[in-house]
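*Asks:* This is the structure I have questions about; it appears just below.
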Amino acid sequence: MGDSDTSFCVSTLLCQESESCLNEQGYEENTYIDVKPYDCFVSEDEEDEYFENLFRRETCFGSKGSSALDDYSDISQTWLKSARLDAVEWIFNTRAVFGFHFRTAYLSITYFDRFISKRYIDRGKMWAIRLLSVACLSLAAKMEECDVPLLSEFPTQDFYFESNVIQKMELLVLSTLEWKMGSITPFSYLSYFINKFFGDSRPKGLVSRAVELIVAMTKETNLIDSRPSIIAAAAVLAAFDNQLPRKIMELKMSVISFWQSDDKEHMYSSYNLMQEIGKRKVKTPELSVTPNVLSLHSGSHYLNENISYNSAAGTKRRLTFNESDHSSPVKKVHRK
Amino acid sequence: MGDGGNRGLVGSGNSNNNGGNGSSGNKPEWLQHYDLIGKIGEGTYGLVFLARTKSPGNRGKSIAIKKFKQSKDGDGVSPTAIREIMLLREITHDNVVKLVNVHINHADMSLYLAFDYAEHDLYEIIRHHRDKVNHAIHQYTVKSLLWQLLNGLNYLHSNWIIHRDLKPSNILVMGEGEEQGVVKIADFGLARIYQAPLKPLAENGVVVTIWYRAPELLLGAKHYTSAVDMWAVGCIFAELLTLKPLFQGAEVKATPNPFQLDQLDKIFKVLGHPTLEKWPTLANLPHWQQDIQHIQGHNDNSHGLHGFVHLPLKSPAFDLLSKMLEYDPRKRITAAQALEHEYFRLEPLPGRNALVPSQGEKVVNYPTRPVDTTTDFEGTTSLQPSQPVSSGNAVSGNMAGAHGVPGRSVPRPMLGMQRMQPQGMTGYNLASQAGIGGGMNPGGIPMQRGVNPQAHQQQQLRRKDPGMGMSGYPPQQKQRRM
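Respectively, the protein sequence lines represent chains G and F.
Terminal number for the first sequence in our numbering: 364, no gaps in between.
Terminal number for the second sequence in our numbering: 484, no gaps in between.
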């Protein structure tokens with residue numbers, strides 16, 4: 029994204045997919061939404077088994093846990109929330125630039141959220157947020173995409189990072205996440221749930237609406253707090269009808285054998301959140317998010333400084349940056 | 003261990019920070035736990051070294067350390083490394099190599115994986131029988147190897163992991179010790195969880211031997227299924243029986259992903275041509291349509307599989323083999339089904355120690371793996387050229403039994419072993435993740451630039467002691483990957 033306009037609107041995320049290529053026939057050709065993880069299941073049983081296994085694996089990646097957002101003081105929390113939003117926007121914009129799958133962008137946000145649940149980033153260090161975003165997206169692309177851009181090709185906008193700095197950050201993310209990079213995304217479940225819920229009578233455009241909702245969700249909630257399968261199910265149902273009576277939802281959900289009652293409760297709250305998102309969208313079709321921190325400053329900042337990560341009290345580590353000993357090559361962030 | 007974070011590790015040039023670990027002479031933390039013995043393999047993705055642990059309790063335990071080749075400048079951490087480590091972190095099974103540790107050398111950002119060391123592999127075992135002892139591998143050993151291989155594969159497949167590159171040199175067998183004769187599936191560089199993107203192998207710049215490649219892939223199938231691994235197992239099974247590769251096609255070297263007609267031809271010669279009747283989805287495979295005349299123009303004078311493997315048509319072994327070499331991937335036997343096969347219920351029953359038959363069978367003394375002691379962790383060869391192992395050296399390894407040396411896995415004399423101490427390494431233990439990467443320093447790279455990390459080590463390099471007892475083979479540069 030060359031332009032500095034970072035105002036963000038969900039519908040632009042989908043601009044490259046016409047409705048027609050999101051319908052059933054279009055799955056195969058569609059580059060961006062590849063909802064079929066694996067279409068070689070021998071039988072329906074095998075398919076069920078696959079998704080049950082996937083569901084069980086979700087918990088390996090720290091779904092449901094306290095996030096950094098909970099631990100920060102109010103001021104830090106506000107900053108981190110806005111910084112996270114900025115990161116999410118950058119990730120989706122960059123996804124569009126490179127033509128990555130949505131699942132790749134989503135995956136990188138799960139990395140981001142897991143990272144900040146384990147380490148502190150000092151308030152105001154927008155460049156650290158951007159560096160983290162680049163590393164997370166690059167890692168996700170390496171996991172999911174066939175063509176991965178060079179590190180130098182990532183549009184870092186207001187910052188400049190040398191490739192080896194990004195690589196260091198990649199290593200930091202990998203080790204912080206304990207190399208557990210196979211986080212599961214809601215996109216894996218989409219076609220399975222659509223098939224389970226609606227069979228052959230699936231409404232047109234359901235996939236693209238569900239994708240839109242999943243994308244919107246990433247900005248509302250830390251992904252550590254929610255299970256990908258639940259988000260997928262809520263998105264499919266909300267995309268189908270955002271006024272569903274609870275009875276109908278229960279009925280739909282009963283076809284999935286691996287959900288417990290707990291999971292169903294989470295599903296309802298996710299559904300409610302998506303209802304909200306849907307209503308907001310009706311009011312303001314161009315759902316745009318308040319101009320964020322990054323759009324407030326401009327100019328290139330050259331980053332090539334020494335950063336050390338010291339242990340902090342408690343279980344988390346603080347990212348600290350010893351700029352003081354050097355004439356910092358990073359320009360101070362211009363704030364209005 | 004290795005909680006670098008508490009020490010605020012940074013690169014060596016960063017004198018402002020405590021705990022600088024660069025060329026200041028501090029021993030890199032993770033390397034302090036190992037004695038480097040030498041290089042044992044070299045593959046597409048890097049080098050493999052043999053080392054021994056020094057930590058009390060595990061002292062002297064052999065460890066294979068795989069060093070990933072540096073990715074190209076600007077690519078960042080290699081996708082192969084990420085995927086392999088990610089997969090290995092998630093899997094635990096007796097018949098799969100165990101990843102003990104991941105170490106990061108922050109100075110040049112290289113990655114080192116530490117595995118439990120396996121002394122043997124099927125490539126060496128087959129070769130030993132073919133070239134040295136000149137008799138077939140014992141039935142018990144073949145069956146036990148196959149049984150364990152299938153067990154490991156069944157585990158992988160039930161976790162939705164496809165290996166994609168099974169071949170004899172990737173199937174390791176533990177040497178002397180508690181786990182003697184236990185099969186370990188290795189080299190997950192190409193393995194995928196079903197979901198992951200399936201890039202054609204050729205585009206990865208990866209050269210995979212085509213001899214074990216399933217027909218659907220040779221015909222251009224885009225989707226990999228676990229059945230591709232079972233085809234490879236069938237090829238390996240046949241090779242264990244006959245000591246030579248079953249389908250030894252000549253590879254067409256071109257990019258991307260050329261049509262391997264000769265390999266298919268070799269398969270057809272043994273198994274006959276596939277037909278749409280037996281393999282209905284054949285019609286959808288790209289090369290089948292495009293090259294139909296080419297493929298079908300070849301005369302179908304198949305000799306029959308049983309003739310090749312010298313098995314009676316009605317034997318359970320032959321039945322199992324032919325089910326693994328079923329053309330239609332959907333009909334091909336699965337690992338779970340294969341484990342249920344009659345073959346494994348007949349004497350001799352498969353056992354945990356594949357190398358030692360339970361009842362007083364004559365034990366074959368397999369050679370230990372050749373180790374090139376002239377290469378350090380940087381992959382730098384010492385100024386002394388690697389010396390071919392002299393005939394005198396061969397004695398202790400080659401046909402050790404015949405020379406009255408007890409045990410198949412003669413403890414390697416430690417003479418001349420030099421420890422390499424590359425500088426600037428920090429490590430972490432996967433088990434104590436809280437501290438991982440605490441010492442990272444994303445901004446700190448430039449300070450290591452321009453410093454030749456090898457300069458110091460060059461002085462430490464010693465040539466191999468010519469008196470070392472090594473295997474009967476001259477050091478080889480076989481393409482091996484862990």
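The C-beta atom is built at its ideal place from N, Cα and C for all residues, glycine as well.
State the start and end residues of the unbroken alpha helix (DSSP H) segment that holds Asp321 (chain F).
*Replies:* Pro318 to Met326 is the extent of the alpha helix (DSSP H) around Asp321 (chain F).
*Asks:* Contact defined as beta carbons within less than 8 Å: I believe Met326 (chain F) pairs with Gly236 (chain F). What is the distance between those atoms, to the nearest angstrom?
*Replies:* Correct: roughly 3 Å between the Cβ atoms.
*Asks:* Closest by CA to Pro317 (chain F), which one among F:Glu328, F:Glu344 and F:Ala337?
*Replies:* Before going on, a small fix: residue 317 (chain F) reads as Ser here, not Pro. That would be F:Glu344, whose Cα lies nearest to the Cα of Ser317 (chain F).
*Asks:* Pick helix, strand or coil for His122 (chain F), following the three-state DSSP scheme.
*Replies:* His122 (chain F) falls in the strand class under three-state DSSP.
*Asks:* Just checking: is the beta-carbon of Ile194 (chain G) within a distance shorter than 8 Å of some beta-carbon in chain F?
*Replies:* Closer than 8 Å: yes.
*Asks:* Any beta carbon from chain G within less than 8 Å of Gly503 (chain F)'s own beta carbon?
*Replies:* As shown, chain F starts at 3 and ends at 484. That puts residue 503 (chain F) outside it, with no answer to give.
*Asks:* Taking Cβ-Cβ distances shorter than 7 Å, what residues in chain G pair up with Trp162 (chain F)?
*Replies:* The contacting residues are Tyr78 and Asn81.
*Asks:* Is His122 (chain F) near Leu174 (chain F), with beta carbons less than 8 Å apart?
*Replies:* Yes; because the gap between Cβ atoms is below 8 Å, this pair is in contact.
*Asks:* Please report the straight-line C-alpha distance between Asp75 (chain F) and Leu167 (chain G), rounded to a whole angstrom.
*Replies:* Whole-angstrom Cα-Cα distance: 16 Å.
*Asks:* Which residue marks the beginning of the alpha helix (DSSP H) containing His289 (chain F), and which one marks its end?
*Replies:* Where His289 (chain F) is concerned, the enclosing alpha helix (DSSP H) stretches over Pro288 to Gln292.
*Asks:* Any idea if Val63 (chain G) is buried or exposed, counting beta-carbon neighbours within 10 angstroms, 16 or more meaning buried?
*Replies:* Unreliable placement is indicated for Val63 (chain G), whose pLDDT of 41 sits below 50; the coordinate value is still reported in the next sentence. The residue is buried, with at least 16 neighbouring Cβ atoms inside 10 Å.
*Asks:* Do we get a CB-CB distance below 8 Å when we pair Gly152 (chain G) with the residues of chain F?
*Replies:* It does not: the Cβ of Gly152 (chain G) has no partner Cβ on chain F nearer than 8 Å.
*Asks:* Look up Asp487 (chain F) in the DSSP assignment and give the residues it is bridged to.
*Replies:* With chain F covering only 3 through 484, there is no way to say anything about residue 487 (chain F).
*Asks:* For Arg91 (chain F), go through chain G and note every residue whose CB falls closer than 8 Å to its CB, in chain order.
*Replies:* Under the 8 Å cutoff, chain G gives Glu206, Trp207 and Lys208.
*Asks:* Let me check understanding here. Comparing Cα to Cα, which of F:Tyr368, F:Leu152 and F:Phe270 lies closest to Arg354 (chain F)?
*Replies:* Among F:Tyr368, F:Leu152 and F:Phe270, the Cα nearest to that of Arg354 (chain F) belongs to F:Leu152.
*Asks:* What three-state label does DSSP hand Arg91 (chain F) in the structure shown?
*Replies:* If DSSP states are grouped into helix, strand and coil, Arg91 (chain F) belongs with the helices.
*Asks:* Under 8 Å, Cβ to Cβ, is there at least one residue of chain G near Asp75 (chain F)?
*Replies:* It does: the Cβ of Asp75 (chain F) has a partner Cβ on chain G nearer than 8 Å.
*Asks:* What would DSSP say about Ile149 (chain G), mapped onto helix, strand or coil?
*Replies:* Three-state DSSP puts Ile149 (chain G) in a strand.
*Asks:* With DSSP as the reference, label Leu266 (chain F) as helix, strand or coil.
*Replies:* In the structure shown, Leu266 (chain F) sits in a helix (DSSP, three-state: H, G or I).
*Asks:* Could you round the C-beta distance between Lys247 (chain G) and Val116 (chain G) to whole angstroms and report it? I think they count as a contact, below 8 Å.
*Replies:* Between Val116 (chain G) and Lys247 (chain G) the Cβ distance is about 5 Å, and since that is below 8 Å, they are a contact.
*Asks:* Quick one: Cα of Lys170 (chain G) to Cα of Val176 (chain G), how far?
*Replies:* Distance between the alpha carbons of Lys170 (chain G) and Val176 (chain G): 6 Å.
*Asks:* Quick check: the Cα distance between Asp110 (chain F) and Leu52 (chain F), rounded to an integer number of angstroms?
*Replies:* Distance between the alpha carbons of Asp110 (chain F) and Leu52 (chain F) is about 21 Å.
*Asks:* Could you tell me whether the Cβ of Lys170 (chain G) comes closer than 8 Å to any Cβ of chain F?
*Replies:* With 8 Å as the cut-off, Lys170 (chain G) counts as an interface residue toward chain F.
*Asks:* Nearest to Leu245 (chain F) by CA position, among F:Phe320, F:Asp378 and F:Arg129, is which residue?
*Replies:* Nearest of F:Phe320, F:Asp378 and F:Arg129 to Leu245 (chain F), Cα basis: F:Arg129.
*Asks:* At least one CB of chain G closer than 8 Å to the CB of Met326 (chain F): is that the case?
*Replies:* No - not a single Cβ of chain G is within 8 Å of the one on Met326 (chain F).
*Asks:* Going by DSSP, what residue range makes up the alpha helix (DSSP H) through Ser161 (chain G)?
*Replies:* Met154 to Glu172 is the span of the alpha helix (DSSP H), which, as asked, contains Ser161 (chain G).
*Asks:* Mapping DSSP to helix, strand and coil, what is Val104 (chain F)?
*Replies:* Here Val104 (chain F) sits in strand by DSSP.
*Asks:* Measure the beta-carbon distance from Ile163 (chain F) to Leu202 (chain G) and round it to whole angstroms, keeping in mind my assumption that it falls under 8 Å.
*Replies:* No, Ile163 (chain F) and Leu202 (chain G) are not in contact; Cβ-Cβ is about 19 Å, not under 8 Å.
*Asks:* Which class does Phe117 (chain F) belong to by DSSP, given the choice of helix, strand or coil?
*Replies:* Of the three classes helix, strand and coil, the one that applies to Phe117 (chain F) here is strand, per DSSP.
*Asks:* What are the boundary residues of the alpha helix (DSSP H) that includes Val235 (chain G)?
*Replies:* Unbroken alpha helix (DSSP H) run through Val235 (chain G): Leu234 to Glu248.
*Asks:* Taking the beta carbon of Gln291 (chain F) as the centre, do at least 16 other beta carbons fall within 10 Å, making it buried, or is it exposed?
*Replies:* Label assigned to Gln291 (chain F): exposed.
*Asks:* With 16 other CB atoms within 10 Å as the buried threshold, where does Ile194 (chain G) fall?
*Replies:* The residue in question, Ile194 (chain G), is buried, as its Cβ has 16 or more Cβ neighbours within 10 Å.
*Asks:* In the DSSP assignment, find the alpha helix (DSSP H) that holds Tyr220 (chain G) and state where it starts and stops.
*Replies:* Leu218 to Phe226 is the extent of the alpha helix (DSSP H) around Tyr220 (chain G).
*Asks:* Please name the residues in the region 173–185 of chain G whose beta-carbon is closer than 8 Å to at least one beta-carbon of chain F, in chain order.
*Replies:* Those residues of the region 173–185 of chain G that come within reach of chain F (Cβ to Cβ, closer than 8 Å) are Glu173, Cys174, Val176, Leu178, Leu179 and Ser180.
*Asks:* Using three-state DSSP, classify Val63 (chain G) as helix, strand or coil.
*Replies:* Caution applies to Val63 (chain G), whose pLDDT of 41 falls short of 50 and renders its modelled position unreliable; the model cannot decide the point.
*Asks:* Does Met232 (chain F) come within less than 8 Å of chain G when only Cβ atoms are used?
*Replies:* Not one chain G Cβ lies under 8 Å of Met232 (chain F).
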